[in-house]
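Chemist: What follows is a single structure, and I will ask about it in a moment.
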Amino acid sequence: MPKNKSSLQPPLAFSGNKRFWAGELADEALLLPAGARVWDVFGGSGVCSRVIKDARPDCEVVWNDHDGYSDRLLHAAETEDLRRSLIRMCGYEGCQDDGTRFRAPIKCALRDEVCSLFRAHFEKYGYFDGLTVRRWLSIGACKAPIDPYKPPADLYAHVPRASIRVGQALAWCDGLVVVHKDFLDLDIRPGDFLILDPPYVGSCVDEYSGRETLQILRGCRDLMEICPFILFGDASISFWYEVLTEKYNPRFFQKDGLISCFNGKLRSEVMFSTW
Ligand SMILES: C[S@@+](CC[C@H](N)C(=O)[O-])C[C@H]1O[C@@H](n2cnc3c(N)ncnc32)[C@H](O)[C@@H]1O
Numbered sequence: 012m013p014k015n016k017s018s019l020q021p022p023l024a025f026s027g028n029k030r031f032w033a034g035e036l037a038d039e040a041l042l043l044p045a046g047a048r049v050w051d052v053f054g055g056s057g058v059c060s061r062v063i064k065d066a067r068p069d070c071e072v073v074w075n076d077h078d079g080y081s082d083r084l085l086h087a088a089e090t091e092d093l094r095r096s097l098i099r100m101c102g103y104e105g106c107q108d109d110g111t112r113f114r115a116p117i118k119c120a121l122r123d124e125v126c127s128l129f130r131a132h133f134e135k136y137g138y139f140d141g142l143t144v145r146r147w148l149s150i151g152a153c154k155a156p157i158d159p160y161k162p163p164a165d166l167y168a169h170v171p172r173a174s175i176r177v178g179q180a181l182a183w184c185d186g187l188v189v190v191h192k193d194f195l196d197l198d199i200r201p202g203d204f205l206i207l208d209p210p211y212v213g214s215c216v217d218e219y220s221g222r223e224t225l226q227i228l229r230g231c232r233d234l235m236e237i238c239p240f241i242l243f244g245d246a247s248i249s250f251w252y253e254v255l256t257e258k259y260n261p262r263f264f265q266k267d268g269l270i271s272c273f274n275g276k277l278r279s280e281v282m283f284s285t286w
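Numbering (my numbering), first residue to last: 12 to 286.
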């Protein structure tokens with residue numbers, strides 16, 4: 012498993028994914044007993060599940076895909092088709108995919124055509140990956156997907172030159188057990204191992220209120236009583252470092268200076284492990 016923090020990029024955008032922790036996760040995976048069952052309780056993009064499964068193919072890894080990310084993956088070829096159509100519409104056919112993040116601007120004058128293209132795409136495929144399109148159009152950190160029938164008022168839009176890695180998208184779930192549940196309904200049992208990456212308090216990304224987040228953290232606390240866990244959090248959770256240390260004696264990791272998608276600010280993330 013590569014140690015580099017940028018070595019594992021989920022095939023479609025997912026704010027707050029934990030690819031930066033791929034090296035640490037892979038190391039922790041080596042500590043698991045043979046055939047262990049691992050729950051990626053707040054699975055998001057599934058990147059943690061993917062890392063664990065790749066490091067330990069003998070383990071059963073359950074990705075709790077609460078966001079329907081795996082559905083977006085199934086439609087990756089169609090979404091790539093839409094990207095190519097946008098590239099053509101904007102007159103960038105000559106642009107080669109060089110794998111960089113260079114984005115070709117879409118002129119505001121093309122707004123109506125772009126909107127028609129979105130509608131036509133939705134009508135053709137019966138599917139529209141509004142989250143990926145939101146990311147393309149650079150419309151802030153809001154999590155709500157773009158509706159193909161209600162395009163945003165402003166179109167300071169860009170289209171990525173790098174193509175979606177459709178093959179990687181389709182292989183992303185290989186070997187994983189994928190479920191779509193509220194985490195309280197998961198059939199977690201003593202002897203299982205957990206990855207807990209709950210929504211961060213007050214984070215713009217997840218749009219959870221403090222009260223909701225506290226309820227989720229209470230649920231996590233109950234799970235931590237019965238199973239070894241890896242717990243992620245932003246730096247604020249490190250206030251609990253002493254409490255967690257006293258009770259569980261976890262291994263502790265911290266990364267500083269990650270760029271948050273919230274206002275482009277820097278923040279630190281921490282990871283506790285009792286695996
Ligand atoms: C910080 S993100 C996890 C990111 C993920 N570890 C990754 O690397 O992509 C938190 C996730 O918890 C999910 N979530 C929120 N409430 C949940 C619930 N009640 N049950 C299960 N998942 C939930 C959110 O949809 C979001 O995907």
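By construction, the Cβ of each residue, glycine as well, lies at the ideal position given by its N, Cα and C atoms.
#1: Between the C-alpha atoms of Ala24 and Cys59, what's the straight-line distance to the nearest angstrom?
#2: Going by alpha carbons, who is nearest to Leu128 out of Met100, Asp65, Ser81 and Val170?
#3: For ligand 1, is there a heavy atom less than 6 Å away from the beta-carbon of Lys64?
#4: Would you report the Cα separation of Lys29 and Pro22, rounded to the nearest angstrom?
#5: Do Ala47 and Phe204 have their CB atoms nearer than 7 Å?
#6: Of all the options Ala173, Arg122, Gly230 and Gln179, which has the alpha carbon lying nearest to the alpha carbon of Tyr160?
#7: With a threshold of 7 Å between beta-carbons, can Phe53 be considered close to chain C, or not?
#8: In chain order, what residues of the same chain have a beta carbon less than 7 Å from the beta carbon of Arg130, not counting five sequence neighbours either side?
#9: Applying the 10 Å Cβ sphere with the 16-neighbour rule, what's the burial state of Lys295?
#10: What does DSSP give as the partner residue(s) for Ile206 in the beta ladder?
#11: Determine the DSSP secondary structure at Phe264, reduced to helix, strand or coil.
#12: How is Asp78 classed by DSSP in three states: helix, strand or coil?
#13: Nearer than 6 Å: is that true of the beta carbon of Lys258 relative to any heavy atom of ligand 1?
#14: Is the CB-CB distance between Val72 and Lys64 below 7 Å?
#15: Indicate, with yes or no, if ligand 1 has a heavy atom lying under 6 Å from the CB of His86.
#16: Please state the DSSP three-state secondary structure of Phe139.
Modeler: Taking the structure as given:
#1: Rounded to whole angstroms, Ala24 to Cys59 spans 15 Å at the Cα level.
#2: Per the Cα distances, Met100.
#3: No, the Cβ of Lys64 stays beyond 6 Å of every heavy atom of ligand 1.
#4: Approximately 13 Å, taken between the alpha carbons.
#5: With contacts defined by Cβ atoms closer than 7 Å, Ala47 and Phe204 form a contacting pair.
#6: Closest by alpha carbon: Arg122.
#7: Absence of chain C from the displayed structure is noted, only one protein chain being present.
#8: Excluding sequence neighbours, Arg130 sits near Pro159 and Tyr160.
#9: Examination of residue 295 is not possible in this model, given that the chain is present from 12 through 286 alone.
#10: Answer by DSSP bridge pairing, in chain order: Asp51 and Ile241.
#11: In the structure shown, Phe264 falls within a strand segment according to DSSP collapsed to helix, strand and coil.
#12: DSSP places Asp78 in coil when its eight states are reduced to three.
#13: No, ligand 1 has no heavy atom inside 6 Å of this Cβ.
#14: Contact flag set, yes.
#15: For ligand 1, no non-hydrogen atom lies closer than 6 Å to the CB of His86.
#16: Coil.
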